[in-house]
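In what follows, a structure is listed as structure tokens, so that the remarks can point back to it.
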Amino acid sequence: MSATTQAAPKGRGGVAQAVTDSLVVARRNLIRMTRIPEIVLFGLIQPVMFVILFTYVFGGSIQVGGSLSSQDYREFLMAGIFAQTVTFATAGAGAGIAEDMHKGLVDRFRSLPMARGAVLTGRTLADLVQTALTLVVLAGVALLIGWRTSENFGKILAGFALLLLLGYAFSWIGALIGLSVRTPEAATSGGLIWLFPLTFISNAFVDSNNLPTFFRHIAEWNPFSTTVQACRELFGNLPPGFEAPDAWPMQHPVWASVIWSVLILLTFRTLAVRKYRRAAG
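First residue of the sequence shown: 1, per full-length UniProt numbering; consecutive thereafter.
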């Protein structure tokens, strides 16, 4: 019997093996990122461009609350840019997993005594680390152009924690897409095409109260909008005269953000791991 058809050797069972295997795979992906610094660099360019363009091109032209102040818009904007950055990392996660599948890495992992879900968990954890580093750099750029917070350090950290939770949840959507296509290019396209309407039919760049009725209702129940609203509250970036919509997620954005992110994480992790097991079976 050939090596590819033999049953994989058994390792330690249970959670301990799954955690250890996931960390090993995450380390492998982090080492790969350090050897290809362009991955991190290109991941930084787009959000920095969005910050500069929206701040200096649209700042002072878009009304938020009752204000047209460029400083008010700058502070209103940054939570949306942060959230867009963590969600757009989804495309990279999907492309990376599709590349591993395309190169036959799955077949190699099958011959090892490791938890099946560890390949995906390790990949998404590595992407989470990269996303966190991107947020740190982006926050530094935002401070340089005048973004400020007015809440205590604990609330600010809570805001960034919500962003990372949303990004990690969305990375599992990327994992499912990566497992469902045949090439990394298709995974990149598939990972971005649905993100543009998700992020723009939201409160990220404009006050959702100013959207047409149909799009306003979508924006108010959009999980992306919920995290943006939660971060604005936690950062103290709500503009003067701003009134939150009456929809429950906008009235309780922190709780709604946690609920949305956990539901997305549990749903798409389950689907992605099931897809991976079928692909490797």
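Ideal Cβ placement from N, Cα and C applies to all residues, glycine included.
- Message: Is it the case that the segment 183–190 contacts the segment 77–96, given that we only count it when at least three CB pairs across the two stretches are under 8 Å?
- Response: yes
- Examine the Cβ distances between the segment 124–131 and the segment 14–32 and report whether three or more of them are shorter than 8 Å. yes
- Query: Is it right to say Ile173 is buried, meaning 16 or more other beta carbons lie within 10 angstroms of its own, or is it exposed?
  - Reply: As a working mapping, residue 173 is identified with position 173 in the sequence shown. It counts as buried.
- Touch test, the segment 49–60 against the segment 78–91, Cβ-Cβ under 8 Å, three pairs minimum: yes
- Task: Indicate the three-state DSSP secondary structure (helix, strand or coil) for Ile36 in the structure shown.
- Result: Translated into the one-based positions of the sequence shown, residue 36 becomes position 36. Ile36: coil per DSSP, three-state reduction.
- Message: Taking 9 Å as the threshold (C-beta atoms), are Phe88 and Gln130 in contact?
- Response: Your numbering for residue 130 matches position 130 in the sequence shown. Your numbering for residue 88 matches position 88 in the sequence shown. No.
- Message: Restricting to Cα atoms, I'd like to know which of Thr90, Phe215, Val141 is closest to Leu165.
- Response: Taking the first residue of the sequence shown as position 1, residue 165 is located at position 165. Of the listed residues, the one whose Cα sits closest to Leu165 is Thr90.
- Item | Helix, strand or coil at Trp194 [DSSP, three-state] | Here residue 194 refers to the residue found at position 194 of the sequence shown. Three-state result, Trp194: coil.
- Going by beta carbon distance, what residues of the same chain come within less than 6 Å of Gly178, once the five residues before and after it are set aside? Looking up residue 178 in the sequence shown gives position 178. So the qualifying residues of the chain are Gly94, Ile97, Ala98, Ala187.
- Message: If you reduce the DSSP assignment to three classes, tell me which class Pro223 lands in.
- Response: Along the sequence shown, read from residue 1 onward, the residue named residue 223 stands at position 223. The answer is helix: DSSP assigns Pro223 an H, G or I state.
- Task: At 3 residues or longer, and completely inside the segment 161–185: list those beta strand (DSSP E) runs for me, N to C.
- Result: none
- Query: Which whole-angstrom value describes the C-beta separation of Ala204 and Trp221, a residue pair presumed to lie in contact below a C-beta threshold of 8 Å?
  - Reply: Working through the sequence shown from its first residue, we reach residue 204 at position 204. Working through the sequence shown from its first residue, we reach residue 221 at position 221. Not quite, the Cβ-Cβ distance comes to about 15 Å (not below 8 Å), so this is no contact.
- Query: Around the Cβ of Gly80, are there at least 16 other Cβ atoms within 10 angstroms (buried) or fewer (exposed)?
  - Reply: As a first step, residue 80 is located in the sequence shown; it is residue number 80 there, counting from the start. Result: buried.
- Could you round the C-beta distance between Arg277 and Arg116 to whole angstroms and report it? I think they count as a contact, below 8 Å. Position 277 of the sequence shown holds residue 277. Position 116 of the sequence shown holds residue 116. Right, the Cβ-Cβ distance comes to about 5 Å (below 8 Å), so this counts as a contact.
- Query: Which value, in whole angstroms, describes the spacing of the CA atoms of Gly140 and Pro113?
  - Reply: Reading the sequence shown from its first residue, position 140 is the one you call residue 140. Reading the sequence shown from its first residue, position 113 is the one you call residue 113. Those two C-alpha atoms are separated by around 43 Å.
- Item | Of the listed residues Leu144, Ala18, Thr149, nearest to Asp72 (C-alpha basis) | Position 72 of the sequence shown holds residue 72. Residue Thr149 is the option with its Cα nearest to Asp72.
- Task: Let me know if Val181 comes out buried or exposed under the rule of 16 or more other beta-carbons within 10 Å of its beta-carbon.
- Result: Residue numbering aside, residue 181 sits at position 181 when the sequence shown is read from its first letter. It counts as buried.
- Item | Collapsed DSSP secondary structure at Leu138 in the structure displayed | Indexing the sequence shown from 1 puts residue 138 at position 138. Leu138 falls in the helix class under three-state DSSP.
- The alpha helix (DSSP H) with Pro239 in it runs from where to where? Within the sequence shown, numbered from 1, the residue matching residue 239 stands at position 239. Per DSSP, Pro239 belongs to no alpha helix (DSSP H) and is neither H nor E.
- Query: Between the C-alpha atoms of Tyr168 and His102, what's the straight-line distance to the nearest angstrom?
  - Reply: Stepping through the sequence shown from its first residue, residue 168 is reached at position 168. Stepping through the sequence shown from its first residue, residue 102 is reached at position 102. Spanning the two alpha carbons is a distance of roughly 23 Å.
- Task: Please state whether DSSP places Asp72 in a helix, a strand or coil.
- Result: By 1-based counting over the sequence shown, the position of residue 72 is 72. Asp72 falls in the helix class under three-state DSSP.
- Query: Do you know how far the Cα of Trp255 is from the Cα of Pro223?
  - Reply: For the purposes of this step, residue 223 is identified with residue 223 of the sequence shown, where counting begins at 1. For the purposes of this step, residue 255 is identified with residue 255 of the sequence shown, where counting begins at 1. In a straight line, the C-alpha of Pro223 is about 11 Å away from that of Trp255.
- Message: Quick check: Arg253 and Asn209, are their CB atoms within less than 9 Å of each other?
- Response: Against the sequence shown, residue 253 aligns to sequence position 253. Against the sequence shown, residue 209 aligns to sequence position 209. Here the sequence assigns Pro to residue 253, which means Arg is not the residue at that position. The answer is no: Cβ separation not under 9 Å.
- Message: Quick check on Ala7: buried or exposed, where buried means 16 or more other Cβ atoms within 10 Å of its Cβ?
- Response: On the sequence shown, residue 7 is found 7 positions in, with the first residue counted as 1. Annotation note: pLDDT 44 at Ala7 (below 50); position unreliable, coordinate value reported separately. Label assigned to Ala7: exposed.
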